[in-house]
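Everything on this sheet refers to the single structure shown next.
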Amino acid sequence: MIKIKILVLLFCLMPNIAGALTIETAYEYCKPYAVNGFNLSPQAMGQSLTCKVYFTSIFDTATLNCQALRIIEESGVSVPDIIKGLYSGSLPSPKALIQEFLNEAEANPQIWDNPVQLITSGIIQRYDCR
């Protein structure tokens, strides 16, 4: 029951968390989660849940956007390539997205004070709708 309450609280706070989440903070939240085999640990439950929920939301949104894009294209409407770049459906999994984020963050510590979207948007654009 407590886990459900925590999840509800996280979902309610997610817009606020996402707006203030820097690359550094996301890295600090996600690195222990990844090191722990993408399993939630009692020692870092809040941080791990924030990481999991944030990146799962990105993954789910990209997947749904891709499905919508397919429906639009199947109806005969031409979709400009620039719009297609905003949608992604071939991301392997939320865990893979987290790992790619961690790799990018580790390779670019000079940008850690920027919003997390600086990295996540670049990752998503590398995967096209399939």
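Residue numbers for the sequence shown follow the numbering used here, so the first one is 446 and each next one is one higher. Don't be surprised by glycine CBs; every beta carbon is placed ideally from N, CA and C. All of these numbers come straight from a predicted model, not from anything done at the bench.
In the three-state scheme derived from DSSP, where H, G and I count as helix and E and B as strand, P537 is classed as coil.
Nearest C-alpha to P477 among D558, N510, I564, K540: K540. DSSP places F504 in the uninterrupted alpha helix (DSSP H) bounded by 490-519.
Taking each of D573, N510, Q544 in turn and checking the Cα distance to E473, the smallest one comes out for Q544. Looking at the DSSP output, T467 shares a beta bridge with P560. Assigned with DSSP and collapsed to three states, P487 falls in helix. Taking all protein chains shown into account, Q492 has 16 or more neighbouring C-beta atoms within 10 Å of its C-beta and is therefore buried. Y572 carries a coil assignment under DSSP once its states are collapsed to helix, strand and coil.
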